[in-house]
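For reference, the structure is listed below as structure tokens.
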Amino acid sequence: MKLLNIALDGPAAAGKSTIAKLVAGELSMIYVDTGAMYRAITYKYLQQNKTEDFNELIDTTELSLTYDEIKGQRVILDNQDVTDYLRENNVTSHVSYVASKEPVRTFAVKKQQELAAKKGIVMDGRDIGTVVLPNADLKVYMIASVEERALRRQKDNEERGIESNIEQLKKEIADRDHYDMNREISPLMKADDAITVDTTGKSIETVTAEILTLVKSLD
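Counting along the sequence shown from 1, when you hit position 109 you're at 172 in our numbering, and nothing is skipped either side.
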């Protein structure tokens, strides 16, 4: 099979990262979690007491992704592996705001396009098919109900030992959707040539198989 670039977009907790990893594994491709880049910059933003000088923040940032056969993608920020800090609630609650800033977006998109230049990439995010990889070989827009996404987020939190209220999670997800879809820079939207996959009520295996079928149809 020729080298491809696959873009998976969609709102928070639609299952993008989980499915993207599995699809990449099945196809022996590299998975790039673009959200982790924005989370890493958000982590630095919080470490710097919520600085509003985003140009300075980016100018002093070194960011790279490494790949470990056991641990998967690792995020290296200013020579420190920060991967294990990126799902903390404080990072989650600020990442949309930080990711909406033009210097942050420009920096991250450039990194993402560099990673995809050699092809063989499965990349997930919110603007992959529209901004980062407008010429991707396959674009998938993943959706799921707010209720379903809140339950998934609650389960993820429980696995990390974090207590969470389902109604609060539903509100946070709905608020995040509104913010992401209405931000000025790279808003969340479906690319004109993307295929919608609704993951509501479907198993991980079912969704993975759906997307692999779409990939095979490209041959």
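Idealized CB from N, CA, C, for every residue including glycine. Keep in mind the model is a prediction, meaning the values are calculated, not measured.
G68: first and last residue of the uninterrupted beta strand (DSSP E) it sits in: Going by the sequence as given, residue 68 is Asn instead of Gly. Annotation: the continuous beta strand (DSSP E) that includes N68 extends over N68 to D72.
K134 classed as buried or exposed, judged by whether at least 16 other C-beta atoms fall within 10 angstroms: Burial call: exposed.
Cβ shell of T262 (< 8 angstroms), same chain only, five flanking positions each side left out: Excluding sequence neighbours, T262 sits near A77, G78, I82, M205, I206, A207, E211 and V270.
Cβ atoms of L71 and R292: under 8 angstroms apart, would you say? A question about residue 292 goes unanswered here, because the residues of the chain that appear run from 64 up to 282.
Helix, strand or coil for R223 per DSSP? If DSSP states are grouped into helix, strand and coil, R223 belongs with coil.
Using the rule of at least 16 other Cβ atoms within 10 Å of the residue's Cβ for burial, across every protein chain shown, is T97 buried or exposed? Buried, because 16 or more other Cβ atoms sit within 10 Å of the Cβ of T97.
Measuring straight from C-alpha to C-alpha, what distance separates A199 and F170? Linking A199 to F170 through their CA atoms gives a straight-line distance of about 20 angstroms.
By DSSP, does S266 sit in helix, in strand, or in coil? When secondary structure is reduced to three states using DSSP, S266 falls in the coil class, being assigned neither helix nor strand.
How many angstroms separate the CA atom of F117 from the CA atom of I184? Their Cα atoms are separated by approximately 29 angstroms.
Cα-Cα separation, D131 to D243: Approximately 31 angstroms, taken between the alpha carbons.
Here's a check: name, in chain order, each residue in its chain whose Cβ is nearer than 8 angstroms to the Cβ of L281, leaving out the five neighbours to either side. Excluding residues within five positions, the ones whose Cβ falls inside 8 angstroms are L67, D200 and L201.
Give me, in chain order, the residues of the same chain whose beta-carbon lies closer than 6 angstroms to that of R215; leave out the 5 immediate sequence neighbours on both sides. Excluding residues within five positions, the ones whose Cβ falls inside 6 angstroms are A76.
How would you call E235, buried or exposed, if buried means at least 16 neighbouring beta carbons within 10 angstroms? Counting Cβ neighbours within 10 Å, E235 comes out buried, since at least 16 surround it.
Take Q217 and list the residues in its own chain whose beta-carbon comes closer than 8 angstroms to its own, dropping the five residues that flank it on each side. So the list reads S227, I229 and L232, once near-sequence residues are dropped.
What is the residue span of the beta strand (DSSP E) that K164 lies within? It is not in any beta strand (DSSP E) - K164 carries neither H nor E in the DSSP assignment.
Considering only their Cβ atoms, is the gap separating L275 from K95 smaller than 8 angstroms? The displayed chain sequence assigns Val, not Lys, to residue 95. The answer is no: Cβ separation not under 8 angstroms.
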